[in-house]
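Asks:
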Amino acid sequence: MAVLELVTAPDPRLKSLSEPVTDIDKKLRRFMADMVETMYAANGVGLAAIQVGVPKSVAVIDLDPKGPNSKVIYLINPKIVRTSDEMSTYHEGCLSVPEIWDDVKRPARLTVEYQDENGAEQVVDADGLFATCLQHEIDHINGRLFIDHLSRLKRSIALRKSAKLKNKG
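Shown next, in the form of structure tokens:
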């Protein structure tokens, strides 16, 4: 497995739509394992393929990395099929927008359909942090960042700070 290079804002690739996956094979599973390794190395709980420069409809999530409840969820072609009217707010951050954290309001519960790493169709109902993380990663697949949910002023400040950090590195 390998740690991949993260794409950070304001890189325009982060705004592109990811392509659906048609072949779930050994190469894709190896890539997803590299995504997990990258997510862990960056201390994240979720990562979409576009965040490592690959415009495919793929994401990985582990809400308790290195913890007793660690479990990787591999999401291929995930789609939100139902959301609650009730909203919840989480203080979100993103590996592609380093050092920026802010409150984002999203549906509190949702249902997602996806294929797992073996190509099997899955349906999951989620709430809490899991619901937030699913929405955050599916946003990436659809060319959206969590800062797109913020006011124009906060988004502008976040992008300037991210660009400054990128230029330092």
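Per our numbering: the sequence shown = residues 75 to 243.
Here a beta-carbon is modelled for each residue, glycine too, at the ideal position from N, C-alpha and C.
Note down the Cα distance separating residue 203 from residue 242, rounded to an integer number of angstroms.
Replies: For residue 203 and residue 242, the distance between alpha carbons rounds to 32 Å.
Asks: Could you say which of 229, 120, 215 lies nearest to residue 139 if we only look at CA atoms?
Replies: Residue 120 is the option with its Cα nearest to residue 139.
Asks: With DSSP as the reference, please indicate the residues paired to residue 162 in a beta bridge.
Replies: DSSP lists 180 as partners of residue 162.
Asks: Suppose the cutoff is 6 Å on Cβ atoms and the five residues either side in sequence are ignored; what does the same chain contact list for residue 155 look like?
Replies: Hits under 6 Å: 185, 187.
Asks: Report the residue from 220, 137, 132, 100 whose alpha carbon sits nearest the alpha carbon of residue 178.
Replies: Per the Cα distances, 220.
Asks: In the DSSP assignment, find the alpha helix (DSSP H) that holds residue 209 and state where it starts and stops.
Replies: It spans 202-215 - the alpha helix (DSSP H) in which residue 209 sits, taken as one unbroken run.
Asks: Between the segment 148-164 and the segment 90-109, do at least 3 Cβ pairs fall closer than 8 Å?
Replies: They touch, by the three-pair rule.
Asks: Out of 114, 133, 194, which has the shortest C-alpha to C-alpha gap to residue 208?
Replies: Per the Cα distances, 133.
Asks: Exposed or buried, what is residue 197 when buried is set at 16 or more other beta-carbons lying within 10 Å of its beta-carbon?
Replies: Classification for residue 197: exposed.
Asks: Tell me the residue span of the alpha helix (DSSP H) that contains residue 101.
Replies: Start and end: 100-115.
Asks: What number of angstroms, rounded off, separates the C-alpha of residue 136 from the C-alpha of residue 144?
Replies: Going from the Cα of residue 136 to the Cα of residue 144 covers about 6 Å.
Asks: So, at 6 Å on beta carbons, what are the nonlocal neighbours of residue 84 in its own chain, with the 5 sequence-adjacent residues on each side left out?
Replies: Cβ within range, chain order: 233, 237.
Asks: From residue 226 to residue 163, what does the alpha carbon distance come to, in whole angstroms?
Replies: The straight-line gap from Cα to Cα measures roughly 18 Å.
Asks: For residue 91, I'd like the list of residues in its chain whose CB is within less than 7 Å of its CB, leaving aside the five on either flank, ordered along the chain.
Replies: If we look at residue 91 and ignore the five residues flanking it on each side, its Cβ neighbours are 216, 217.
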